[in-house]
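Participant: Supplied in structure tokens, the structure appears directly below.
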Amino acid sequence: MELTVDHFLGLSAALFIIGLMGVLMRRNVLIIFLCVELMVAAVAITFAAFARETNTLDGQTFALFAIAVAAAEAAVGLALILALSRRVRSVDVDEYRTLRD
Amino acid sequence: MAEYLFLIPLLPLLASAFNLLVARTAFPDRANVVATLAVFGSFLLSVLVFREIYNDEHALHQTISTWIESGSFSTSIGLYADQLTAVMLLMVTFVSTLVHIYASGYMKGDPSFYRFFSWLPLFVFAMLVLVMADNYLLIFFGWEGVGLCSYLLIGFYHRRRSAGNAAKKAFIVNRIGDFGFGLGIMLIFTTFGTLSFAGDQGVFHQVTELGVSERTLTWIALLLFTGAIGKSAQFPLHVWLPDAMEGPTPVSALIHAATMVTAGIYLLARSSPILREAGDAMMVIAIVGAFTAFLGASIATVQNDIKRVVAYSTVSQLGYMALAIGVGAWVSAIFHLVAHAFFKACLFLGSGSVIHGMHEEQNIQKMGGLRKYMPITFWTFLIASLANAGVVPLAGFWSKDEIITGAWASNYLPGLGNYLAIFALITALITAYYMFRLIFLTFFGEERFDHHHVHPHESPKVMTLPLVILAAFAIGFGALGFPPDEGRFHDFLNPVFYGESHHDEEATEVAGVASDGSAVLFSTAAEEGEAGHGIHGHPTITDELKLNMGIVSTVVALSGILIAFLIYQKKRVDVVRFASEHEGFYNFLYNKWYFDDVYDRYIVFPLRRLSAWLWQKVDVGGIDGLLLWIVGALTWISGQLRRLQTGLVSNYALAIALGMVVLVGFYFAAFSDLFR
Amino acid sequence: MNDQPLWLTFIFAFLIMNVLLIGMAYMTYFERKMLGAMQDRMGPTRTGPKGLLQPIADGIKLLGKEDLIPRAADKWVFFFAPLIVFVTAIVGAAVIPFGGTINAFGRDLNLYITDLNVGALFVLAFSSIGVYGIILGAWASSNRYSLLGGLRAAAQVVSYEIILGLSLVGVFMLAGSLSLRDIMLEQQTNLELGPLTVKNWFILSQPLAFILFMIAAVAETNRAPFDLPEAESELVSGFHTEYSAFRFSFYFLGEYISMIVVSLFAATLFLGGPSGPGSSDHWYLGILYILIKAIVFLFFYIWLRATLPRFRYDQLMGLAWKVLLPLVILNIVVTAAIRLASDGLLF
Amino acid sequence: MPWEVIIFYLIAGVAILSAGGVVAARNPVHSAVLLMVCFIQIAAVFVMLGAEFLAVIQIIVYTGAILVLLLFVLMLVDPEDLPEFHTGRPVQRAIGALLGLILLLEVAAAVVTRTITGRQGSATLENIEAVGGNTEALGRQIYTEHLLAFEIVSMVLTIGILGAIVLAMPERLGVSGYRRRDTISLGHPRGTDLALPATAGAPIRATAGSKPEPAGIGRTLVMAGDPDEQPVVGGGRR
């Protein structure tokens, strides 16, 4: 048995879907945030795996950019969470319902 | 000279722009100087052009740029000057210059002085473009341009309601004619694949060389004539011209007597190669022209407004021109056009001078005996009236006589030519009558105006000078047309219409008429002798006929004058009683044959009703109702959809995930080999 | 590059680890002695000659004490947090080169454990993981002082890590590599300064980066004057208030080992690592040189602690973001410009 | 089975288990710790894929910066407000799990049936080694082919920083004369009177000694008066 790209893709898919389920099933906004980060990282694995398979570095570049953008997203996201929790005094996403109607 | 052609229309345009942009604030009271100088510059250039064409007999052609290019349709902005154009150029710029000078005095003190002198050169620009265009689309541009300027100038006193209405009437009535003209242009393009009439690929070349079905040409000719009907105020679209007298008098003189209204005649003359092949269309033109002439003259006999009389006279004279076109007397038409421009401009300016001297009084019943107050105006007016009446040896006599002769000699149908000629003679009688009715009522007899308020006086020199010049031309211009049909004027213009040169057989490729084709036609027509003429060639007219016709028309004109003299000077007939005895007939004439009423009743009123119905039922009820219904439906749907927006982030995330699953599933179903 | 058998690397790594542990032990002795000297007192004297056995006694004492766990603590996190600090501190030493490849005992031996091509970043990465030990331990203690200490540590480390990393960018640009071995080798070339020929130590070409690096390194290791996470006078003992016995000793070990590793790191990056007179002929001289350089840095640490008062918290953050960050970016820009100019790519 | 496959399975196993733990853990701090573990595994995976630079960046950025920040925020918000995993929304959770499973199947099918099309690049291991390693090769790639994207990412980061500062700034901080209270110190929101639970309306003027500890509650910090009336901080049990 050889280590093929399919292994990495499978791992990536598994992590992505675990993250997705976390996003869908948890209510704590911080955990949702963690799961989103997990999804991004999982996608980065896919990029890197394809980069290795096709002998290009583009995939790694994309993964790098994905990490950079995730960092920006984390900064803004955490600031949002902080502001929200300061206002609503909760981290339960179900409490954040000002978007309704 | 060809490369400077563009300067001729450009100068007035620049003057107009300058007056609108700069003079408006800088020196509004001196705007006339710029405009007059520019038009005068155009006149000088036109003289140069004329000289060159007179010497060389070569048409000048300048292509400035490509205008529109779309598929196989391509039109350039090109200027073209042959003998016909040269004559028109001279006439237009000359009369324009005089009118500009005259208006400098007439419009003095008007609060919108600069505006007047912005529109007037703009009109000159458009008119010059019209006569110099080398294709029908550019003609149409100039055509619409003069229409626009006419609208602006008729409505110059836009605070006066009647002026505004007259402007709108002129514009709308013209639009009907323009519609026909536009259709004609389209038909020309679909038939010939080009709109340019000059050159080897031009329309005229194709007509004469390749031969096009007469049916198509008839339609084209009729459509072009529709345009001419509107612009040149032929029956049944003549109604706008008398109303256009709401504009300032110089405008009436320039636009509604000398230049713009002749644009239709020019168009027909310019299209002579088409018309010549168009068969029955020519007959239609001739009949309409003769009828218009009679119609205008008959109405003019009973009008009391000095400008209106002159205006109906214009309608009548335009009818003569159309008649000339219709009987194939091309040169005569142009000859009459130019001569008419001089004496009719003189008449208008003279009536303007009268009005000016009478403190804006226009009713001739309140004038009389003005001869001694304004002698220059009187003499010039008299000369112009004589010319208009067609008295030997003034310009009007020669041109009108040619037309009547040409009508007599034409034979579309057996005897029709003779009827037309007799009809024209009757009209000439009426013309002489109403012109001298005007003279006697205005300048002779007792002074019927209020001496306390009105102090008639002669106009300033700046106004009388153009009158004198124009009167001089009204006298002397006829010399160019002597002897009839063989004068210098005819020599000069004949190549345009008959492709024949009296000077040089080589120099006949003007106006797209190839020398050989038309020459053959002409020569065959000539060989056929007295019987073998007609619409396809220059009518062959014997000297004897000319002499007879001249004598007859002179007698007729003098009779008309005599009748007027007897009635209005000698009071042999009590006009008031006569009118009351024949009240129906009088009212019929006074109310202009009830044209306006009929139009109001059977066209305008139903249209208004239809518009109101469309507005209330279709627009408000149908279209707006549909829109409101859509709005309501959207509101309802949005209200339902609004429930989707729970505000719960988890639901949104769930929706996104669902979309992802569906998309991936769709990919599998549609693109992958998984299920195949 | 790395063709020696794995077991030799293991042996070398074992050696390094033990050296670090012993070095850490005697670092405490060194510190106490130095502090004593600077404060005009003796320091440890009783245990062993000149108190030399004091660290061993301390170690035995710490191992022998009772392992107290607060009832409210989150046990698993409480257990693992000190280990994180300790492990990450030690792992950083894996990429420090103590010299090139030598020939001894009839074999080719590498005087480094591994040569990663991202070695410098590797050190930074593990030092950034180290902060988890502090913050998690603080949180798990369920103690307000500890939590505050942890929060301070988190903020401080995140801030100063930026300075630390960026201050090295100039060095990376000059060396053209992230590998510590390449950087070390680059510094063994000669630099012509007019009549003078010196080794191309990066402290010469990157003085500003060196100063910034030192400041950031002190903050990164939570040492005075940046020791706010454990500020005794404010937070009792900061994040390790609730820790005792060997769990506390892991924090203790971790802190001192990271000091040693950072010193070695700085010596490698800026002071030419093992380079020095005669080091190219005798590898042991090289090892000696790098140790001496590291000890100089360690002395600097102690000196700072003995001299400077603690920063106030807002001063600490303000210094990082308003002073050091612009300076470090300026350093990068200037270095890049000079580098481009020397390649003829600028102007 | 070669070594690297065994190692991969080890790493993958730890990664998936810790990722599952992230979702399942009740305590957000545990989630964060498990995510850190997972990220380190992902970094290891990157190393196995020959992307050393990516691995280090993964650790520095994700583990060293993002997660630390997250822990920071986690400790700033009210631990008592953390919602329970098992409460509420059974339908939502069921649908979420179902969707996850379907997507897993779909992606597994995609991975199994996929074929790679397109050209092989030139970045083989030998070529990468020739230009000086992964970092060097990646640098060349980024600063030549992807320069524009790189600049855009830098803009995104700058804007992200500004946005974060604006968002996290206390709302009234811009107002002059506003005293800063909700910051990191003894006066952080958990300690101010703003954060008092509704039940704590009655003044608890008791000292630590005089107030008996309720049964089943761990070490409770009960301080005299404001602002420290919040009994539990950090990772203590409730």
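Chains as they are written, first to last, in the numbering used here: chain G, 95 to 195; chain S, 8 to 683; chain B, 489 to 835; chain P, 248 to 485. Don't be surprised by glycine CBs; every beta carbon is placed ideally from N, CA and C. In this text, all values refer to a predicted model and were calculated from it rather than measured experimentally.
(1) For S/Val671, decide whether its Cβ has a neighbour in chain G, counting only Cβ atoms nearer than 8 Å.
(2) So within the segment 667–747 of chain B, which uninterrupted alpha helix (DSSP H) runs reach at least 4 residues, ignoring any that extend past its ends?
(3) Flag this pair as yes or no: are the beta carbons of S/Ser83 and S/Thr70 separated by less than 8 Å?
(4) What are the residues in the segment 283–315 of chain P lying within 7 Å of chain G by C-beta distance?
(5) Mind listing which residues of the segment 592–625 of chain B have their C-beta closer than 7 Å to chain P's C-betas, in chain order?
(6) Hey, how far is the Cα of P/Ser432 from the Cα of B/Leu815?
(7) Considering only C-alpha positions, which residue in the set S/Ala270, S/Val309, S/Leu231 is nearest to S/Leu749?
(8) CB-CB under 6 Å to B/Leu612, same chain, minus the five flanking residues each way: which ones, in chain order?
(9) Please state whether the Cβ-Cβ distance between B/Ala733 and B/Ala755 is less than 8 Å.
(10) Could you run through the segment 393–420 of chain P and flag, in chain order, every residue whose CB is less than 7 Å away from some CB of chain G?
(11) For a contact meaning CB atoms closer than 7 Å, what does P/Pro275 contact in chain G?
(12) Shortest alpha-carbon distance to S/Gly463 belongs to which of S/Gly375, S/Ala478, S/Arg166?
(13) At the 8 Å Cβ level, is P/Thr371 part of the contact set with chain G, yes or no?
(14) How far does the beta strand (DSSP E) with G/Leu178 in it reach, from first residue to last?
(15) Which residue wins for smallest C-alpha separation from B/Phe567, given the options B/Leu818, B/Tyr731, B/Leu609?
(16) Roughly how many angstroms separate the alpha carbons of S/Thr515 and S/Asp207, rounded to a whole number?
(17) Using Cβ-Cβ distances below 7 Å, what residues of the segment 350–364 of chain P are close to chain G?
(18) Does any residue of chain S bring its CB to less than 8 Å from the CB of G/Arg191?
(19) Thinking P/Gln388 and G/Thr155 are a contact (beta carbons under 8 Å), I'd like their distance in whole angstroms, please.
(20) Within 10 angstroms of its Cβ, does B/His770 collect 16 or more other Cβ (buried), or is it exposed?
(21) So, is the C-beta of P/Arg466 closer than 8 Å to a C-beta in chain B?
(22) Starting from the beta carbon of P/Asn381, find every residue of chain B whose beta carbon is closer than 9 Å, and list them in chain order.
(23) Mind checking which residues open and close the alpha helix (DSSP H) that includes S/Leu86?
(24) Which same chain residues, not among the five before or five after B/Asn506, have their C-beta less than 6 Å away from its C-beta?
(25) Helix, strand or coil for S/His688 per DSSP?
(26) Cutting at 7 Å between CB atoms, please list the residues of its own chain near S/Ser279, excluding the five before and the five after it.
(27) Just checking: is the beta-carbon of B/Ala642 within a distance shorter than 8 Å of some beta-carbon in chain P?
(28) Rank G/Val134, G/Arg180, G/Asn122 by C-alpha distance to the C-alpha of G/Ala108 and give the top, closest one.
(29) Within 8 Å (strictly less), CB to CB, does P/Leu281 reach chain S?
(30) Tell me the start and end of each unbroken alpha helix (DSSP H) in the segment 417–459 of chain S that is at least 4 residues and wholly inside, in chain order.
(31) I need the DSSP call for S/His543, collapsed to helix, strand or coil.
(32) Count the other CB atoms within 10 Å of the CB of S/Asn62; is the residue buried (16 or more) or exposed (fewer)?
(33) Distance check for S/Ala586 and S/Val580, CA to CA, integer angstroms please.
(34) Give a yes or no on whether 8 Å exceeds the smallest Cβ distance from P/Val252 to chain S.
(35) Note down, in chain order, all residues in the segment 635–660 of chain S with a beta-carbon under 7 Å from any beta-carbon belonging to chain G.
(36) Secondary structure at B/Ile557, three-state DSSP: helix, strand or coil?
Facilitator: Reading off the structure:
(1) Translated into the one-based positions of the second sequence, residue 671 of chain S becomes position 664. No, S/Val671 does not count as interfacial toward chain G.
(2) Unbroken alpha helix (DSSP H) stretches of 4 residues or longer found wholly inside the segment 667–747 of chain B: 668–674, 690–693, 695–708, 720–723, given in chain order.
(3) Locating residue 83 of chain S in the second sequence gives position 76, counting from the first residue. Locating residue 70 of chain S in the second sequence gives position 63, counting from the first residue. Yes, the pair counts as a contact, with Cβ atoms nearer than the cut-off.
(4) Cys285, Phe286, Ile289, Val292, Phe293, Leu296, Gly297, Ala298, Leu301, Ile304, Gln305, Val308, Tyr309, Ala312, Ile313
(5) Leu604, Asn605, Val606, Leu609, Phe610, Leu612, Ala613, Ser616, Ile617, Val619, Tyr620, Ile623, Leu624
(6) The residue you call residue 432 of chain P lines up with position 185 of the fourth sequence. The residue you call residue 815 of chain B lines up with position 327 of the third sequence. Low per-residue confidence applies at P/Ser432: pLDDT is 41, beneath 50, and the placement is therefore not dependable, though the value from the model is reported in the following sentence. Going by the C-alpha atoms only, they are around 28 Å apart.
(7) Any answer about residue 749 of chain S is impossible in this case: the structure gives chain S only from 8 up to 683.
(8) Translated into the one-based positions of the third sequence, residue 612 of chain B becomes position 124. These residues qualify, in order along the chain: Gly653.
(9) The residue given as residue 733 of chain B occupies position 245 in the third sequence. The residue given as residue 755 of chain B occupies position 267 in the third sequence. Not in contact: B/Ala733 and B/Ala755 (Cβ atoms no closer than 8 Å).
(10) His393, Ala396, Val400, Val403, Leu404, Gly407, Ile408, Gly410, Ala411, Leu414, Ala415
(11) Locating residue 275 of chain P in the fourth sequence gives position 28, where the first residue counts as 1. Chain-ordered, the chain G residues with CB closer than 7 Å to the CB of P/Pro275 read Asn122, Leu124, Ile125.
(12) For the purposes of this step, residue 463 of chain S is taken as residue 456 along the second sequence, with counting starting at 1. In the sequence under discussion, the amino acid at residue 463 of chain S is Pro, which differs from the Gly named in the question. Of the residues S/Gly375, S/Ala478, S/Arg166, the one whose Cα lies closest to the Cα of S/Pro463 is S/Gly375.
(13) Working through the fourth sequence from its first residue, we reach residue 371 of chain P at position 124. Yes - at least one Cβ of chain G is within 8 Å of the one on P/Thr371.
(14) Locating residue 178 of chain G in the first sequence gives position 84, counting from the first residue. Unbroken run through G/Leu178 is the alpha helix (DSSP H), 152–182; no beta strand (DSSP E).
(15) In the third sequence, the residue the question calls residue 567 of chain B occupies position 79. Comparing Cα-Cα distances from B/Phe567 to each of B/Leu818, B/Tyr731, B/Leu609, the minimum goes to B/Tyr731.
(16) As a working note, residue 515 of chain S is residue 508 in the second sequence. As a working note, residue 207 of chain S is residue 200 in the second sequence. In this prediction, S/Thr515 has a pLDDT of 36, which is less than 50 and means its spatial position is unreliable; what the coordinates show is noted afterwards. Each residue's Cα considered, the two are about 13 Å apart.
(17) Leu350, Leu351, Val354, Ala355, Val358, Ile363
(18) Sequence index remark: in the first sequence, residue 191 of chain G carries index 97 (1-based). Yes, G/Arg191 counts as interfacial toward chain S.
(19) As a position in the fourth sequence, residue 388 of chain P is number 141, starting the count at 1. As a position in the first sequence, residue 155 of chain G is number 61, starting the count at 1. By a beta-carbon distance limit of 8 Å, P/Gln388 contacts G/Thr155. Their separation comes to about 5 Å.
(20) Within the third sequence, numbered from 1, the residue matching residue 770 of chain B stands at position 282. B/His770 is exposed by the Cβ-count criterion.
(21) Locating residue 466 of chain P in the fourth sequence gives position 219, where the first residue counts as 1. Because P/Arg466 carries a pLDDT of 43, less than 50, the predicted location of this residue cannot be relied on, and the following value inherits that uncertainty. Interface criterion met: the Cβ of P/Arg466 is under 8 Å from a Cβ in chain B.
(22) Numbered from 1 along the fourth sequence, position 134 holds the residue referred to as residue 381 of chain P. What P/Asn381 touches in chain B: Asn605, Val606.
(23) Against the second sequence, residue 86 of chain S aligns to sequence position 79. Counting along the chain, S/Leu86 falls outside any alpha helix (DSSP H), though it belongs to the beta strand (DSSP E) covering 80–88.
(24) Start at 1 with the first residue of the third sequence, and residue 506 of chain B comes out as number 18. Counting only residues of its own chain and dropping the five nearest sequence neighbours on each side, B/Asn506 has no CB closer than 6 Å to any other CB.
(25) An answer regarding residue 688 of chain S cannot be provided, because it is not within the stretch 8 to 683 covered by chain S.
(26) Within the second sequence, the letter at position 272 stands for residue 279 of chain S. If we look at S/Ser279 and ignore the five residues flanking it on each side, its Cβ neighbours are Trp337, Phe504.
(27) Start at 1 with the first residue of the third sequence, and residue 642 of chain B comes out as number 154. Chain P, which has a Cβ nearer than 8 Å to the Cβ of B/Ala642, makes this yes.
(28) Sequence index remark: in the first sequence, residue 108 of chain G carries index 14 (1-based). Out of G/Val134, G/Arg180, G/Asn122, G/Val134 has the C-alpha closest to the C-alpha of G/Ala108.
(29) Locating residue 281 of chain P in the fourth sequence gives position 34, where the first residue counts as 1. No, P/Leu281 lies away from the interface with chain S (no Cβ there is under 8 Å from its Cβ).
(30) 423–450
(31) Within the second sequence, residue 543 of chain S is the residue found at index 536, counting from 1. Because S/His543 carries a pLDDT of 42, less than 50, the predicted location of this residue cannot be relied on, and the following value inherits that uncertainty. Three-state DSSP puts S/His543 in coil, outside helix and strand.
(32) The residue given as residue 62 of chain S occupies position 55 in the second sequence. It counts as exposed.
(33) Mapped onto the second sequence, residue 580 of chain S falls at position 573. Mapped onto the second sequence, residue 586 of chain S falls at position 579. Those two C-alpha atoms are separated by around 10 Å.
(34) Taking the fourth sequence and counting its residues from 1, the one referred to as residue 252 of chain P is at position 5. No, P/Val252 lies away from the interface with chain S (no Cβ there is under 8 Å from its Cβ).
(35) Arg649, Gln652, Thr653, Gly654, Leu655, Val656, Ser657, Ala660
(36) The residue given as residue 557 of chain B occupies position 69 in the third sequence. Three-state result, B/Ile557: coil.
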